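Student: Have a look at this one.
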Amino acid sequence: MPSLAGLFFWMNVKLENIKKLDVPGSLKLDCGKTISNFPLAYETYGKLNGNKDNAILVFHALTGDQFVTGTNPITKKEGWWVTAVGPGKAIDTDKYFVICANVIGGCMGSFGPKNINPDTKMPYGLDFPVITIRDMVRAQESLLEHLGIKKLLCATGGSMGGMQLLQFCATFPEKAFSAIPIACSSSHSAQNIALNELARQAIMADPVWDNGKYVSKNVQPKNGLAVARMVGHISYLSEKGMQEKFGRKLQEKADYEFSFNADFQVESYLRHQGYAFVERFDANSILYITRAMDYFDLSKQYKGGLVEAFKKQNTKFLVISFSSDWLYTTKENKDIVIALNASGADVSYSEIITDKGHDSFLLNEPEFLKTLKGFIDSMYEKFKNEKRI
Amino acid sequence: MKSLKMKKEFKVIAELLPNDTRVLDVGCGDGSLMNFLKKEKNIEVRGLELNQENVQQCIHKGLPVIQGNAETELHQFPDQSFDYVVLSQTLQAFYEPEEVLKNLLRIGKSVIVSIPNFGYWKVRIKLLIFGEMPVTKTLPNTWYNTPNLHMCTIKDLFKFCDEKNINIKKVIGVNEDSTSLIKKNNLEIKNLFSKLGIFLIG
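Keeping their order, the protein sequence lines are chains A and B. Start counting the first sequence at 1; every next residue gets the next number (the working numbering). Start counting the second sequence at 1001; every next residue gets the next number (the working numbering).
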């Protein structure tokens, strides 16, 4: 795979030029191991004002990265949340200072399984410690310190980003004035663990994966990784959305081919999404990040369960779910609202009616974006007033 | 006209509420009452509302609101978690008003319920003289498109509270520009001349 090796080389060169914080000191991980002086890659948009009261922290989802909007300098594609973040958008970068960090375990410059293990001088691969959502969040907290931000105007994130956000609010209850968890859950469901396991098994079944040692050979288990991505893409859509988008339409042909080529448009779509993904993502990172999601159960960390997790909250919450999301259902999102209510926290909740499934938070969903904007703008006014008093 | 009348009701409700309390507004609409209470009384308000557009309006105003159906989703609020729960002109629209009322009394230390009075003289005349379902300013819908399933009079709600051993603390009758205290001894006459009844119970 010379082209892929070339691409990896090019990506690694490029990754040298992105913003990185060398997190000082050490971080004790939930697994018991300690990491120290590790890199955390991040990006910022807009300007931090003099009062430092316009900062918004965005947590990215499983396959996201720190390049929220504009053009991703590595992939040359649009940022993953260009619909919501940017000048004049719902999260207006003319007004707010937006921060996003690549999660640890990721592959866009933060400390991950692709990094070189100083002991072996080889990429970590499966020697990389198993990380949790809490580890990710703790690592990112040091970025706020580095940027000199005592309290965020808002923190937000969808899917795994929402899970990081809930963890962030529980672990650092004083750090965010407001929070918007979107399409997420306070503990990963059996169905979601099963889907993640399917993705992992697909990667591990690819002989190129070779127990995670492929990195040093400059190859990528792309067939396995592509299947893993296809699983994801199915789960991000809804049954109705998929039927409307693809139906039984054939891919650039008049009739069946009576073969196993991609006859149907939906097949072609999955193959395209799957194989496009291998160009930008590391297979081992998928293993590590999905594991972190599966281990996430916020209620387990606190004796009194979820209500206890949110006990110290002064943060003002807005929970948003999407009616056709079957990955992180309205019910799961409402459970968060119920726990927040029971703990006496200030919480709003809105269910956006849409056919677009879990993906909705990344799409141009006017009702969703309006709600997002309305909340953040009103929170900014409140935050400014509170600071003045 | 409508907003003026609404304001009258809000004023009465606001007068019933002490400053600096915690209030849940069930069926809070676009948040007008919540905004009013917050500004006039420094009350910590929360809303529950079904309609997405209304929810959005509340959020834009910076008012905490939960999108949900009062009929099925009141269970999420813990016992006695609010000083007051307000239900403005919605009781008659529930499938099971008795269940809703029980829940409100569980959540709030006190409950304020307002109802459009079906015993109001104009309503009675519509039915008695014209033999038609009443359409008035407080009951603007016709029989086939009204959300109201369980219309009642001020007297009915009085009787209901008595039967269910619900403590009535205060009842106020509201008209165009006047309000009056309703007690057992003036119930018959007030039931005839009040457009709206506001009950403080619990």
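Glycine included, C-beta positions come from ideal geometry on N, C-alpha and C. None of the values given here were measured: they were computed from a predicted structure.
Relative to the C-alpha of Leu1200 (chain B), which residue among B:Leu1017, B:Glu1096, B:Asn1141 and B:Leu1048 is closest?
Tutor: Taking the second sequence and counting its residues from 1, the one referred to as residue 1200 (chain B) is at position 200. With distances taken between Cα atoms, Leu1200 (chain B) lies closest to B:Leu1017.
Student: Mind checking Pro2 (chain A): buried by the 16 CB within 10 Å criterion, or exposed?
Tutor: Translated into the one-based positions of the first sequence, residue 2 (chain A) becomes position 2. The predicted model places Pro2 (chain A) with a pLDDT of 45, which falls under 50 and marks its position as unreliable, so this point remains unresolved.
Student: What number of angstroms, rounded off, separates the C-alpha of Thr120 (chain A) from the C-alpha of Ser216 (chain A)?
Tutor: Within the first sequence, residue 120 (chain A) is the residue found at index 120, counting from 1. Within the first sequence, residue 216 (chain A) is the residue found at index 216, counting from 1. Going from the Cα of Thr120 (chain A) to the Cα of Ser216 (chain A) covers about 12 Å.
Student: By Cβ distance below 6 Å, which residues in the same chain neighbour Phe111 (chain A) in space, the five residues on each side in sequence not counted?
Tutor: Taking the first sequence and counting its residues from 1, one reaches residue 111 (chain A) at position 111. Cβ neighbours of Phe111 (chain A) beyond the five flanking positions: Phe38, Pro39 and Ile104.
Student: Distance, Cα to Cα, Tyr295 (chain A) vs Lys312 (chain A)?
Tutor: The residue given as residue 295 (chain A) occupies position 295 in the first sequence. The residue given as residue 312 (chain A) occupies position 312 in the first sequence. Rounded to whole angstroms, Tyr295 (chain A) to Lys312 (chain A) spans 23 Å at the Cα level.
Student: Among the candidates B:Val1123, B:Glu1096, B:Leu1091 and B:Tyr1095, whose CA atom is the shortest distance from the CA of Val1111 (chain B)?
Tutor: Against the second sequence, residue 1111 (chain B) aligns to sequence position 111. The candidate whose alpha carbon is nearest that of Val1111 (chain B) is B:Leu1091.
Student: Taking the straight line between their C-alpha atoms, what separation do you get for Leu27 (chain A) and Met242 (chain A)?
Tutor: On the first sequence, position 27 is the one that residue 27 (chain A) refers to. On the first sequence, position 242 is the one that residue 242 (chain A) refers to. Their backbone Cα atoms lie some 43 Å apart in a straight line.
Student: Could you name the residues of the stretch 1157–1181 of chain B whose beta carbon sits closer than 9 Å to any beta carbon of chain A, in the order they occur along the chain?
Tutor: Listed in sequence order: no entries.
Student: Taking the continuous beta strand (DSSP E) assigned at Thr393 (chain A), which residues delimit it?
Tutor: No statement about residue 393 (chain A) is possible, as the shown extent of chain A runs from 1 to 389 and does not include it.
Student: Between which two residues does the beta strand (DSSP E) containing Tyr45 (chain A) stretch?
Tutor: Here residue 45 (chain A) corresponds to residue number 45 of the first sequence, with the count starting at 1. Looking at the DSSP string, the run of the beta strand (DSSP E) that includes Tyr45 (chain A) is Thr34 to Tyr45.
Student: Say whether chain D places a C-beta atom closer than 8 Å to the C-beta of Pro1064 (chain B).
Tutor: No chain D appears in the structure shown, which is made up of the protein chains A and B.
Student: Apart from the five residues just before and just after Asp94 (chain A), which ones in its own chain have a Cβ nearer than 8 Å to its Cβ?
Tutor: Residue numbering aside, residue 94 (chain A) sits at position 94 when the first sequence is read from its first letter. Excluding residues within five positions, the ones whose Cβ falls inside 8 Å are Gly46, Pro87 and Gly88.
Student: Mind checking which residues open and close the beta strand (DSSP E) that includes Asp1025 (chain B)?
Tutor: What you label residue 1025 (chain B) is simply residue 25 of the second sequence in a count that begins at 1. Counting along the chain, the beta strand (DSSP E) containing Asp1025 (chain B) begins and ends at Arg1022 to Val1026.
Student: Quick one: grab the DSSP three-state call for Tyr1084 (chain B).
Tutor: Position 84 of the second sequence holds residue 1084 (chain B). In this structure, Tyr1084 (chain B) counts as strand in the three-state DSSP scheme.
Student: Which full runs of the beta strand (DSSP E) of 3+ residues lie inside the stretch 145–199 of chain A, going along the chain?
Tutor: You should have 152–158 and 176–182.
Student: With a threshold of 7 Å, establish whether the CB of Trp209 (chain A) neighbours any heavy atom of the ligand SAM.
Tutor: Looking for the ligand SAM in the displayed structure turns up nothing, as the structure carries no ligands at all.
Student: Pick helix, strand or coil for Thr315 (chain A), following the three-state DSSP scheme.
Tutor: Here residue 315 (chain A) refers to the residue found at position 315 of the first sequence. DSSP places Thr315 (chain A) in coil when its eight states are reduced to three.
Student: Assign Gly1197 (chain B) to one of three DSSP states: helix, strand, or coil.
Tutor: If you number the second sequence from 1, residue 1197 (chain B) lands on position 197. Reduced to three states, the DSSP call for Gly1197 (chain B) is strand.
Student: Which word fits Val231 (chain A), buried or exposed, when buried means at least 16 other C-beta atoms lie within 10 angstroms of its C-beta?
Tutor: By 1-based counting over the first sequence, the position of residue 231 (chain A) is 231. With 16 or more other Cβ atoms within 10 Å, it is buried.
Student: With a cut-off of 8 Å, does the C-beta of Val1055 (chain B) fall near any C-beta of chain A?
Tutor: On the second sequence, residue 1055 (chain B) is found 55 positions in, with the first residue counted as 1. Cβ-Cβ to chain A under 8 Å: yes for Val1055 (chain B).
Student: Measure the alpha-carbon distance for Val58 (chain A) versus Gln1067 (chain B) and round it to whole angstroms.
Tutor: Here the question's residue 58 (chain A) lines up with position 58 in the first sequence. Here the question's residue 1067 (chain B) lines up with position 67 in the second sequence. Roughly 24 Å separates the two Cα atoms.
Student: I'd like to check one pair, Glu1040 (chain B) with Arg1022 (chain B): are the Cβ atoms closer than 8 Å?
Tutor: For the purposes of this step, residue 1022 (chain B) is taken as the residue at position 22 of the second sequence. For the purposes of this step, residue 1040 (chain B) is taken as the residue at position 40 of the second sequence. Taking 8 Å as the Cβ cut-off, Arg1022 (chain B) and Glu1040 (chain B) do not qualify as a contacting pair.
Student: Run through the DSSP bridge pairs and tell me what Arg271 (chain A) is partnered with.
Tutor: Walking along the first sequence from the start, residue 271 (chain A) turns up at place 271. Partner(s): none; Arg271 (chain A) has no beta bridge.
Student: Under 8 Å between C-beta atoms, does Ala342 (chain A) make it to chain B?
Tutor: Here residue 342 (chain A) refers to the residue found at position 342 of the first sequence. So, interface residue.
Student: In the stretch 347–372 of chain A, which residues sit with their C-beta less than 8 Å from some C-beta in chain B, listed in chain order?
Tutor: Answer set for the stretch 347–372 of chain A: Val347, Ser348, Tyr349, Ser350, Glu351, Ile352, Ile353, Glu367, Lys370 and Thr371.
Student: Buried or exposed: where does Leu1004 (chain B) fall if 16 or more other Cβ atoms within 10 Å of its Cβ makes it buried?
Tutor: Numbered from its first residue, the second sequence carries residue 1004 (chain B) at position 4. In this prediction, Leu1004 (chain B) has a pLDDT of 43, which is less than 50 and means its spatial position is unreliable; nothing more can be read from the coordinates.
Student: Under 7 Å Cβ-Cβ, which residues of chain A neighbour Phe1077 (chain B)?
Tutor: Locating residue 1077 (chain B) in the second sequence gives position 77, counting from the first residue. Simply Asn341.
Student: Go to Pro24 (chain A), then tell me how far its beta strand (DSSP E) extends in each direction, as first and last residue.
Tutor: As a working note, residue 24 (chain A) is residue 24 in the first sequence. Per DSSP, Pro24 (chain A) belongs to the beta strand (DSSP E) from Lys20 to Lys28.
Student: Taking 8 Å as the threshold (beta carbon to beta carbon), is Lys1137 (chain B) in contact with chain A?
Tutor: Counted from its first residue, the second sequence places residue 1137 (chain B) at position 137. False, the Cβ-Cβ gap to chain A never drops below 8 Å.
Student: Is any beta-carbon of chain A found at less than 8 Å from that of Lys1061 (chain B)?
Tutor: Numbered from 1 along the second sequence, position 61 holds the residue referred to as residue 1061 (chain B). By this cut-off, Lys1061 (chain B) is an interface position.
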